[in-house]
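**Student:**
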Amino acid sequence: MSGDELELLEGQAKARGEASPGRTWVTDIFQGRLVNETRCLQCETVTSREEVFMDLGLEIENNTSLGACLRQFSSTEMLSCDNKFFCDACGCLQEAQKRMKVRSLPPCLIFHLKRFKYLKHLNRWGGSGGIGCF
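Counting in the numbering used here, the final residue of the sequence shown is number 152, and the numbers go up one at a time with none missing.
(1) Tell me where the beta strand (DSSP E) around C87 begins and ends.
(2) Taking the Cβ atom as the reference point for each residue, do G53 and K119 lie within a distance shorter than 8 Å?
(3) Can you tell me whether DSSP reads L26 as helix, strand or coil?
(4) Would a C-beta distance cut-off of 8 Å place V76 and K116 closer than the cut-off?
(5) For T45, report the span of its alpha helix (DSSP H) as first-last.
(6) Which same chain residues end up closer than 6 Å to L127 when comparing Cβ atoms and leaving out the 5 residues on each side of it in sequence?
(7) By how many angstroms is the C-alpha of T63 removed from the C-alpha of R57?
(8) Should S122 and R41 be called a contact, given that it needs their Cβ atoms to be closer than 8 Å?
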(Lines of atoms letter the chains of each structure in order from A and count residues from 1; the text may use other names and numbers.)
(Lines give C-alpha, C1' and ligand atoms only; values in the text may rest on other atoms or scores of the structure.)
Protein backbone atom coordinates (compact mmCIF):
# COMPACT_ATOMS: atom_id res chain seq x y z
CA MET A 1 0.00 0.00 0.00
CA SER A 2 1.45 3.36 -0.97
CA GLY A 3 1.67 6.36 1.33
CA ASP A 4 -1.08 8.16 -0.62
CA GLU A 5 -3.46 5.20 -0.33
CA LEU A 6 -2.79 4.89 3.40
CA GLU A 7 -3.41 8.61 3.96
CA LEU A 8 -6.69 8.38 2.00
CA LEU A 9 -7.90 5.41 4.08
CA GLU A 10 -6.87 7.13 7.32
CA GLY A 11 -8.75 10.30 6.30
CA GLN A 12 -11.89 8.33 5.44
CA ALA A 13 -11.75 6.40 8.73
CA LYS A 14 -11.22 9.61 10.72
CA ALA A 15 -14.25 11.22 9.00
CA ARG A 16 -16.38 8.25 10.10
CA GLY A 17 -14.97 8.40 13.65
CA GLU A 18 -13.21 5.04 13.31
CA ALA A 19 -9.67 4.02 14.17
CA SER A 20 -7.25 4.36 11.26
CA PRO A 21 -6.86 1.11 9.27
CA GLY A 22 -3.37 -0.30 9.25
CA ARG A 23 -2.35 1.80 12.23
CA THR A 24 -1.04 -0.07 15.26
CA TRP A 25 1.37 0.60 18.09
CA VAL A 26 4.07 -0.95 15.89
CA THR A 27 3.49 1.52 13.06
CA ASP A 28 3.23 4.40 15.55
CA ILE A 29 6.68 3.55 16.95
CA PHE A 30 8.61 2.24 13.92
CA GLN A 31 7.03 3.66 10.73
CA GLY A 32 8.61 6.57 8.89
CA ARG A 33 8.22 8.06 5.40
CA LEU A 34 10.67 8.30 2.51
CA VAL A 35 10.42 10.26 -0.72
CA ASN A 36 11.89 8.64 -3.83
CA GLU A 37 12.76 11.44 -6.31
CA THR A 38 13.75 10.77 -9.92
CA ARG A 39 14.81 13.61 -12.24
CA CYS A 40 14.88 13.06 -16.00
CA LEU A 41 18.10 14.49 -17.42
CA GLN A 42 16.44 15.20 -20.78
CA CYS A 43 13.41 17.29 -19.76
CA GLU A 44 14.29 17.97 -16.06
CA THR A 45 10.91 16.62 -14.89
CA VAL A 46 11.02 15.42 -11.27
CA THR A 47 8.88 12.43 -10.32
CA SER A 48 8.29 11.90 -6.59
CA ARG A 49 6.85 8.88 -4.85
CA GLU A 50 6.29 8.64 -1.11
CA GLU A 51 6.89 5.33 0.67
CA VAL A 52 6.53 4.13 4.22
CA PHE A 53 9.36 2.22 5.91
CA MET A 54 9.94 0.30 9.10
CA ASP A 55 13.74 0.21 8.84
CA LEU A 56 16.45 1.85 6.73
CA GLY A 57 18.65 -0.57 4.79
CA LEU A 58 22.18 0.87 4.66
CA GLU A 59 25.03 -0.39 2.48
CA ILE A 60 28.20 -0.57 4.55
CA GLU A 61 30.76 -1.29 1.82
CA ASN A 62 33.69 1.15 2.19
CA ASN A 63 31.84 3.10 4.88
CA THR A 64 33.44 3.39 8.26
CA SER A 65 30.68 5.14 10.19
CA LEU A 66 26.93 5.34 10.45
CA GLY A 67 27.10 8.92 9.15
CA ALA A 68 28.92 7.77 6.01
CA CYS A 69 26.30 5.05 5.45
CA LEU A 70 23.50 7.62 5.77
CA ARG A 71 25.23 9.98 3.32
CA GLN A 72 25.52 7.14 0.80
CA PHE A 73 21.83 6.24 1.35
CA SER A 74 20.70 9.75 0.41
CA SER A 75 23.27 10.33 -2.34
CA THR A 76 22.25 10.73 -5.98
CA GLU A 77 22.33 7.60 -8.15
CA MET A 78 22.60 7.71 -11.95
CA LEU A 79 20.13 5.62 -13.94
CA SER A 80 21.69 4.89 -17.32
CA CYS A 81 22.60 2.14 -19.82
CA ASP A 82 20.48 -0.94 -18.97
CA ASN A 83 18.91 0.82 -15.98
CA LYS A 84 17.29 3.85 -17.66
CA PHE A 85 14.17 5.52 -16.26
CA PHE A 86 10.89 5.65 -18.21
CA CYS A 87 9.96 9.34 -18.23
CA ASP A 88 6.22 9.94 -18.60
CA ALA A 89 6.84 13.46 -19.94
CA CYS A 90 9.25 12.28 -22.65
CA GLY A 91 7.40 9.01 -23.28
CA CYS A 92 10.56 6.90 -23.45
CA LEU A 93 13.54 5.60 -21.49
CA GLN A 94 15.91 8.37 -20.44
CA GLU A 95 18.98 8.79 -18.28
CA ALA A 96 17.98 10.11 -14.87
CA GLN A 97 19.16 10.87 -11.37
CA LYS A 98 17.50 9.16 -8.42
CA ARG A 99 17.74 9.83 -4.70
CA MET A 100 15.96 8.96 -1.49
CA LYS A 101 15.02 11.59 1.07
CA VAL A 102 13.65 10.97 4.53
CA ARG A 103 10.32 12.80 4.88
CA SER A 104 9.62 11.85 8.51
CA LEU A 105 11.46 9.76 11.07
CA PRO A 106 9.75 7.37 13.47
CA PRO A 107 10.25 7.70 17.23
CA CYS A 108 12.40 4.55 17.11
CA LEU A 109 14.58 4.24 14.00
CA ILE A 110 15.97 0.83 13.00
CA PHE A 111 19.02 0.53 10.73
CA HIS A 112 19.49 -2.66 8.72
CA LEU A 113 23.21 -2.88 7.93
CA LYS A 114 23.58 -4.72 4.62
CA ARG A 115 26.71 -6.79 5.17
CA PHE A 116 26.38 -8.96 2.07
CA LYS A 117 26.00 -8.26 -1.63
CA TYR A 118 25.56 -10.36 -4.74
CA LEU A 119 28.83 -10.90 -6.61
CA LYS A 120 27.60 -11.19 -10.19
CA HIS A 121 30.96 -12.29 -11.62
CA LEU A 122 31.13 -15.17 -9.09
CA ASN A 123 27.37 -15.89 -9.19
CA ARG A 124 27.17 -15.95 -5.38
CA TRP A 125 26.72 -13.84 -2.26
CA GLY A 126 29.77 -12.44 -0.50
CA GLY A 127 30.65 -10.25 2.45
CA SER A 128 30.91 -6.54 1.84
CA GLY A 129 34.13 -6.25 3.82
CA GLY A 130 33.20 -2.80 5.04
CA ILE A 131 32.01 -3.50 8.56
CA GLY A 132 33.81 -1.75 11.34
CA CYS A 133 32.96 -0.40 14.74
CA PHE A 134 29.76 1.62 14.69
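Using N, Cα and C, we set each Cβ at its ideal position, and we do this for glycine too.
**Tutor:** On the basis of the supplied data:
(1) Unbroken run through C87 is the alpha helix (DSSP H), L84 to F91; no beta strand (DSSP E).
(2) In the sequence as presented, Gly is not what sits at residue 53; that position holds Val. Going by C-beta atoms, V53 is nearer than 8 Å to K119.
(3) helix
(4) It should be noted that the sequence gives Leu, not Val, for residue 76. Cβ distance not < 8 Å, so L76 and K116 don't count as in contact.
(5) W43 to F48
(6) none
(7) 6 Å
(8) no
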